[in-house]
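Chemist: Numbered according to our numbering, the sequence shown terminates at residue 1028, and the numbering increases by one at each position without gaps. Quick one: structure below, then a few questions.
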Amino acid sequence: MSAFESLGITTRSLASSDLPYIRGFLADIFTRKEPVMSFLKITIDAYNTFNDEFSHHFDLDLSTVACLPSGEIIATFLACPFDASFDVTKIDETVIGSLGLAVGLMEEFTKEVLEKLNVELGRNAKALNLVSGATADAYENMGINKRLRAETLEKAKKSGKWDIAVVECSNGVTQHLMRDVYGFEVFKEVKYADYEEQDGEGGFKKPFLGLEGSTMILFKNLK
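Here you go:
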């Protein structure tokens, strides 16, 4: 019997009324468990400056949550348009520092994949950014977020609106899931310890030296 059956877990699309709860839910989990943010000791308050800029871009229909019979949300998988913009001046500097690697890889993805797709289609491709997945501690390793990812991808494909989906996976579990279970293609993988960025003094630094693992950008055609 699956966790969904034994615990009475149900899934549904994200609602705007969920956003205040989701704000705290994500901040708690990501500051503790997301590799880069936990390594850099990003605070909940700092993380929320990023969430507050990004959350109004969430696609409510495609984003999916898992709930207990009480209605409590125990897992989320969130999506938004790839071209969603945010005001970096409103985001805490420590969070900006944690995003450098991912932002750089997404810029490379835009130039090397999306721009070519635009030419092939004769229009700007509609790209879906699979922003984040999170599961409450007590419900991890039950296949819940796997189900949410599947439902979001199925809804996106059925809608016919999206040409391509892209995701950044910052740990081995989600990298395996998106690549080996859902058939996403790896665009680029960078080991945290190898990543270099300018230090502001004409040289370079390795901000994640000592952090094991890698981040990976993956994508899949949805047509």
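Even for Gly, the Cβ is constructed at its ideal location relative to N, Cα and C.
1. Please report the residue range of the alpha helix (DSSP H) in which Arg837 lies.
2. Let's test the definition: count the other Cβ atoms within 10 Å of the Cβ of Asn929 and tell me whether it reaches 16, buried, or not, exposed.
3. Alpha carbon to alpha carbon, how far is Pro874 from Thr815? Give it in angstroms, no decimals.
4. Across the region 961-980 and the region 925-939, are there enough close Cβ pairs to call them in contact, namely three or more that are closer than 8 angstroms?
5. With a threshold of 8 angstroms, are at least 3 pairs of Cβ atoms found where one atom belongs to the region 1015-1025 and the other to the region 904-924?
6. Rank Leu904, Gly1008, Ser822, Ala939 by C-alpha distance to the C-alpha of Val841 and give the top, closest one.
7. Taking the straight line between their C-alpha atoms, what separation do you get for Lys996 and His861?
8. Alpha carbon to alpha carbon, how far is Arg837 from Leu1016? Give it in angstroms, no decimals.
9. How big is the Cα-Cα spacing for Phe830 and Val918?
10. What three-state label does DSSP hand Arg954 in the structure shown?
11. Could you work out which residue in Lys960, Gly977, Asn976 is closest to Arg817 when comparing CA atoms only?
12. Please determine, among Gly813, His981, Thr881, the residue with the shortest C-alpha to C-alpha distance to Tyr826.
13. How many Å lie between Lys962 and Ala955 at the Cα?
Modeler: From the atom records:
1. Here residue 837 refers to the residue found at position 32 of the sequence shown. Run containing Arg837: 824-838, per the alpha helix (DSSP H) assignment.
2. Position 124 of the sequence shown, counting from 1, holds the residue named residue 929. By the neighbour-count definition (other C-beta atoms within 10 Å, threshold 16), Asn929 is an exposed residue.
3. Mapped onto the sequence shown, residue 815 falls at position 10. Mapped onto the sequence shown, residue 874 falls at position 69. Cα to Cα, Thr815 sits roughly 8 angstroms from Pro874.
4. Output reads yes: the region 925-939 touches the region 961-980.
5. Three or more pairs of CB atoms, one per stretch, sit closer than 8 angstroms, so the region 1015-1025 contacts the region 904-924.
6. In the sequence shown, counting from the first residue as 1, residue 841 sits at position 36. Looking at the Cα atoms, Leu904 is the closest of the given residues.
7. Within the sequence shown, residue 996 is the residue found at index 191, counting from 1. Within the sequence shown, residue 861 is the residue found at index 56, counting from 1. C-alpha separation (whole angstroms): 31 angstroms.
8. In the sequence shown, counting from the first residue as 1, residue 1016 sits at position 211. In the sequence shown, counting from the first residue as 1, residue 837 sits at position 32. Going by the C-alpha atoms only, they are around 14 angstroms apart.
9. Numbered from its first residue, the sequence shown carries residue 830 at position 25. Numbered from its first residue, the sequence shown carries residue 918 at position 113. The straight-line gap from Cα to Cα measures roughly 33 angstroms.
10. Along the sequence shown, one-based indexing puts residue 954 at 149. DSSP places Arg954 in helix when its eight states are reduced to three.
11. Taking the first residue of the sequence shown as position 1, residue 817 is located at position 12. The shortest C-alpha separation from Arg817 is found at Lys960.
12. Mapped onto the sequence shown, residue 826 falls at position 21. Comparing Cα positions, the closest option is Thr881.
13. Counting from one through the sequence shown, the residue named residue 962 turns up at place 157. Counting from one through the sequence shown, the residue named residue 955 turns up at place 150. One C-alpha to the other measures close to 11 angstroms.
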